[in-house]
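Right, one structure below, let's go through it.
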Amino acid sequence: EILMGKNTMMRKVIADFLSENEDHPIGILSTICRGNVGFVFTNGDLGEVRTVLESNVRPAPARVGSIAPIDVIVPKGPTGCDPGQTAFFQTLQISTKIAKGQIEI
Numbered sequence: 034e035i036l037m038g039k040n041t042m043m044r045k046v047i048a049d050f051l052s053e054n055e056d057h058p059i060g061i062l063s064t065i066c067r068g069n070v071g072f073v074f075t076n077g078d079l080g081e082v083r084t085v086l087e088s089n090v091r092p093a094p095a096r097v098g099s100i101a102p103i104d105v106i107v108p109k110g111p112t113g114c115d116p117g118q119t120a121f122f123q124t125l126q127i128s129t130k131i132a133k134g135q136i137e138i
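So the sequence shown is numbered by our numbering: it starts at 34 and just counts up by one.
Given below as structure tokens:
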């Protein structure tokens, strides 16, 4: 079983635990709850846990300002976008033309 939670919730749970167990080494975990973090605690075989975790990896959707980890190739031809969206392609420095009521690369 894997239990995930938001970093603020995990820090609160750790703080509540530390209020009852002051010198417990788990306090170090609250300082590393930055970004996308998930803790996995197990008594089982680490190889099996790693296999389960790696089998559930999904690529994240693209976000504005993020850099793609792989090359993205946009083929020439009609895009299906209406002419009102030419500014999007201009921002990406992609030359376009309007053909048959849609943007063409």
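Glycine included, each C-beta is placed from N, C-alpha and C at the ideal position.
- Sequence-distant partners of ILE136 (beyond 5 residues in either direction) whose C-beta falls short of 7 angstroms from its own C-beta, in its chain, are THR112, CYS114, PRO116, GLN118, THR119, PHE122 and THR129.
- Taken in chain order, the complete alpha helix (DSSP H) segments of 4 residues or longer contained in the segment 44-99 are 61-64 and 79-88.
- Secondary structure note for ALA101: it is in no alpha helix (DSSP H), with a DSSP letter that is neither H nor E.
- The alpha-carbon separation between ASN69 and VAL82 amounts to approximately 19 angstroms.
- Between ILE61 and PHE50, the gap from beta carbon to beta carbon reaches 9 angstroms or more.
- Within the same chain, and ignoring the five residues on either side of VAL46 in sequence, the residues whose Cβ sits closer than 8 angstroms to its Cβ are GLY38.
- Excluding residues up to 5 positions away in sequence, ASN40, MET43 and ARG44 lie with their Cβ nearer than 7 angstroms to the Cβ of CYS66 in the same chain.
- The shortest C-alpha to C-alpha distance from VAL97 to any of GLU55, THR124 and ARG91 is the one to THR124.
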